[in-house]
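As structure tokens, the structure follows; a few thoughts come after it.
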Amino acid sequence: MSDEPAAPAAIQERKILFVSYFTSKYAQGAERLRGCLERLGLDHEVVPVKKASWLDAVRYKPTFILEMMNKHPEAFAVVWIDADGYVVQKPVLFWSIKEELAVRYYYWRNKDAKELLSGTFYIKNDARTRAEMQKWIDCLATANPNLSTPEQSVLNEMLTKGTVKLSVHELPEPYCRILADRGRRGIPADSVVVHYQFSRECRHNGVPPDVSRMPTTILSPTGFSRPPRVIRPAKISTPALAAKRKAAEENRNRHVIRTRKKVEAVRKFTIPSSVKQTARRRQIWALRRAKSNKTLSAEKIKNIIKVVGSAEYTRAKQIQLTRVILGTNEPSWGGVMGHPATPEQIRQSKVEMALLPSALRFDRCLPPGLPVVVMGNSPTIDSVPAATLLKLPRIGCNRALRHKSVWPNLLFVADREPYCQERDSGRLLAGSKRGVHTICSDSIFDPEVLLRGPYEMLSRRAQPTPKFEVFIYKIGPKIKTWNYDMVAAGLARIPVNTTTFEAPLVSCLNIAGSMLQAAAIIGAQTIYTIGIEMKWYDKATSHFFGAGSDVGAYPQDAALDKILSALSQVKAALTAAGIKVVNLSPYPKSPFASVFPAKPNTDLDRVLKTIPAWSERECFAQPKTNVEVQTDEEILQALAALPDDQLKSLASEPKE
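Okay, structure coming up:
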């Protein structure tokens with residue numbers, strides 16, 4: 001079944017030893033692995049071990065491999081296979097590898113990073129490789145205990161930095177294929193080693209499923225006319241079971257007959273929903289035809305003049321005319337994995353993003369000595385009187401405009417989903433008219449930033465730039481030589497920005513990190529935080545925790561260790577810049593308080609007596625625009641020169 005060329009006879013005589021160990025939860029899988037190795041005639045040693053937890057078992061892997069290398073010096077190489085693995089066919093590639101190490105890498109497109117997978121692990125057995133294995137073991141012993149896959153993360157970092165100096169052969173996918181559906185649809189025909197991933201349950205102290213329910217049937221090679229399917233073992237039939245099935249089938253048929261008669265009787269007195277919908281559509285069309293085309297056209301022209309010619313909507317005029325020139329109305333494309341935008345669409349989005357004013361305007365906008373309040377969206381924001389918060393500059397995020405009494409001066413929006421919710425509800429426009437300056441991440445509008453789907457969900461796509469005033473800041477860096485697993489392991493540092501919006505803000509996997517950097521950039525020497533916990537211990541209903549899932553909000557649990565590691569580095573950068581962070585949350589045991597200790601007893605009224613005088617108008621004044629407002633006559637002339645289809649596209653845009 002393998003397409004790989006056979007190795008020369010001398011090379012085929014090399015002893016390749018396949019090894020693995022297993023805990024009690026993996027016993028069934030290990031027996032299956034031992035059986036397939038014996039069936040293929042491969043040298044192997046699969047042994048049981050006793051470990052307290054799944055992580056302890058994972059960390060023992062390099063030590064066990066080195067023990068097998070020392071125990072079998074006659075083996076040319078040792079191949080580790082996880083106990084939940086299954087060898088489909090003889091892995092002939094291992095007899096021809098010239099490098100010292102062979103692993104598979106998985107490329108994460110959304111992270112622009114490669115992850116080393118150690119489920120199938122080939123290592124040449126000689127004195128040099130055994131010395132390098134010892135380095136891996138020593139480094140793993142001092143690694144962050146919270147890493148989800150510690151042995152992979154540490155080895156990947158050591159290979160990247162050259163700490164472990166081994167030549168590496170990148171295994172093809174069939175040699176370390178992860179079955180996402182655990183083989184329910186069968187195993188692809190080109191597979192050599194597959195993995196069923198028992199870690200999904202065992203890492204959380206669960207019990208893996210019965211391996212007998214995991215098919216090992218090999219699919220037909222792709223290209224056959226018949227679709228591949230799993231051939232499951234026939235059910236055991238006895239006379240008693242056969243009689244029971246026959247009775248159930250007869251009863252089911254009787255039920256269907258009764259149901260059909262009842263449905264036919266009810267249909268005589270029920271108007272189908274399709275008929276109702278058709279009647280409703282006809283009513284709507286009749287109402288639309290009630291207005292003459294001449295009257296309708298006059299209304300559209302009047303609305304265009306009102307929006308495009310108004311001094312209040314110079315930003316709207318820019319966007320509308322730009323879209324007419326580029327030949328489109330409301331771009332909503334790209335930005336989702338598997339659905340890339342075309343070069344022309346990317347160019348148009350870049351043109352529209354260039355029209356957005358930069359957040360650079362707010363660099364050092366505060367007078368010296370003026371503190372800033374960074375507001376999250378948890379219910380603890382109400383633990384500080386609204387009258388006190390309103391006396392200080394405020395930075396909020398995402399859905400902060402849902403708070404009834406305290407709105408921020410600067411509203412940071414980092415994700416497309418909350419942006420769409422707040423834009424479509426009209427809150428962003430209302431905030432803009434009341435002096436709230438919305439600052440959006442460039443990833444919201446950039447179709448080259450790819451999110452997971454589905455593409456049919458419009459809020460996942462790159463969004464058109466709005467017609468009301470928003471500012472833009474860069475999130476980044478776009479190309480990283482590190483990832484947050486390395487940050488959590490203490491193997492990398494993030495580029496924290498505390499100086500200018502001209503440089504990108506590092507995301508920290510949570511908008512709280514971006515807001516803390518922004519507070520430093522606008523000139524705060526003291527930052528008060530409120531409403532940021534990252535994990536809630538109460539089922540209180542609010543727009544974030546509790547019922548927050550209804551609007552797409554959720555507490556950060558999955559990557560909490562990575563978020564806190566990044567925030568620790570943000571704290572170190574702020575401290576180095578002489579900036580103090582005071583957490584006003586009344587919950588001292590929250591994850592956020594583990595980095596920024598909670599001090600709910602801080603007397604803000606005493607602080608207010610010492611701060612310099614300030615005004616929102618002076619600190620956050622609207623930047624001057626050099627766009628001239630056209631007169632009604634000039635706009636009418638420009639509209640008359642446009643083709644009918646472009647005029648129709650422009651006139652049909654929604655108005656705020």
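Residue 286 in the UniProt record's numbering sits at position 286 of the sequence shown, with consecutive numbering throughout. Every residue, glycine too, gets a C-beta built ideally from N, C-alpha and C. Quick caveat: nothing in here was measured; it's all calculated off a predicted structure.
When C-beta atoms of the segment 586 to 602 are compared with those of the segment 346 to 364, fewer than three pairs fall below 8 Å, so the two segments do not count as touching.
The Cβ atoms of residue 468 and residue 358 lie no closer than 8 Å to each other. Sequence-distant Cβ neighbours of residue 119 in its own chain, meaning closer than 6 Å and more than five residues away, are 82, 176 and 195. Around the beta carbon of residue 377, 16 or more other beta carbons lie within 10 angstroms, which makes this residue buried. If you ignore the 5 residues before and after residue 30, its C-beta comes within less than 6 Å of the C-beta of 22, 46 and 83, all in its own chain and listed in chain order. In terms of Cβ geometry, residue 171 and residue 104 form a close pair [threshold 8 Å]. If the five residues before and after residue 447 are omitted, its C-beta is found closer than 7 Å to the C-beta atoms of 333, 334, 335, 341, 345, 346, 349 and 462, all from its own chain and listed in chain order.
In the DSSP secondary-structure assignment, residue 77 is bridged to 16 and 124. When rounded, the separation of the alpha-carbon atoms in residue 478 and residue 39 is 49 Å.
Going by beta carbons, residue 386 and residue 405 fall inside the 8 Å limit. Contact between residue 165 and residue 132 holds, with the beta-carbon distance rounding to 7 Å and staying under 8 Å. Taken atom to atom, the span from the alpha-carbon of residue 129 to that of residue 494 is near 32 Å. Cβ atoms of residue 444 and residue 419 come within 8 Å of each other, at about 5 Å. Following the DSSP letters along the chain, one finds residue 48 inside the beta strand (DSSP E) bounded by residues 44 to 48. Linking residue 614 to residue 367 through their CA atoms gives a straight-line distance of about 8 Å.
Take the alpha-carbon of residue 432 and the one of residue 422: they are about 12 Å apart.
When the beta-carbon positions are compared, residue 620 and residue 534 stay at least 8 Å from each other. For the segment 393 to 425, the full-length alpha helix (DSSP H) segments reaching 4 residues or more read 416 to 425 along the chain. Unbroken alpha helix (DSSP H) stretches of 4 residues or longer found wholly inside the segment 131 to 185: 150 to 161, given in chain order. For the alpha helix (DSSP H) assignment, the uninterrupted runs of no fewer than 4 residues enclosed by the segment 446 to 504 are, from N- to C-terminal side, 484 to 488. For residue 351, the secondary structure class from DSSP, reduced to helix, strand or coil, is helix. Using a C-beta cut-off of 8 Å, the segment 559 to 572 makes contact with the segment 487 to 507, since at least three inter-stretch Cβ pairs fall below that distance.
Around the beta-carbon of residue 513, 16 or more other beta-carbon atoms lie within 10 Å, marking it buried. Sequence-distant partners of residue 27 (beyond 5 residues in either direction) whose C-beta falls short of 8 Å from its own C-beta, in its chain, are 48.
With a beta-carbon spacing of about 5 Å, residue 167 and residue 100 fall inside the 8 Å limit used to define contacts.
DSSP places residue 119 in the strand class (E or B) of the three-state scheme. Secondary structure note for residue 388: its alpha helix (DSSP H) is the uninterrupted segment 386 to 389.
Of the residues 517, 466, 428 and 434, the one whose Cα lies closest to the Cα of residue 474 is 517. From the listed residues 71, 464, 55 and 584, the smallest Cα separation to residue 424 is found for 464. Contact check for residue 504 and residue 523: beta-carbon distance about 19 Å, past the 8 Å limit, so the pair fails to qualify.
Annotation for residue 51: no beta strand (DSSP E) segment contains it, and DSSP assigns it neither H nor E. Look at residue 432 here: in three-state DSSP terms it is helix. Setting aside the 5 residues that flank it on each side, residue 17 is surrounded in the same chain by 43, 72, 75 and 78, each with a C-beta closer than 6 Å to its C-beta; the list follows chain order.
The three-state reading of DSSP puts residue 60 in coil, since its state is none of H, G, I, E or B.
The beta carbons of residue 388 and residue 585 sit about 15 Å from each other, so the pair does not count as a contact at 8 Å. For the options 190, 185, 187 and 180, the alpha carbon positioned closest to that of residue 197 is the one of 180.
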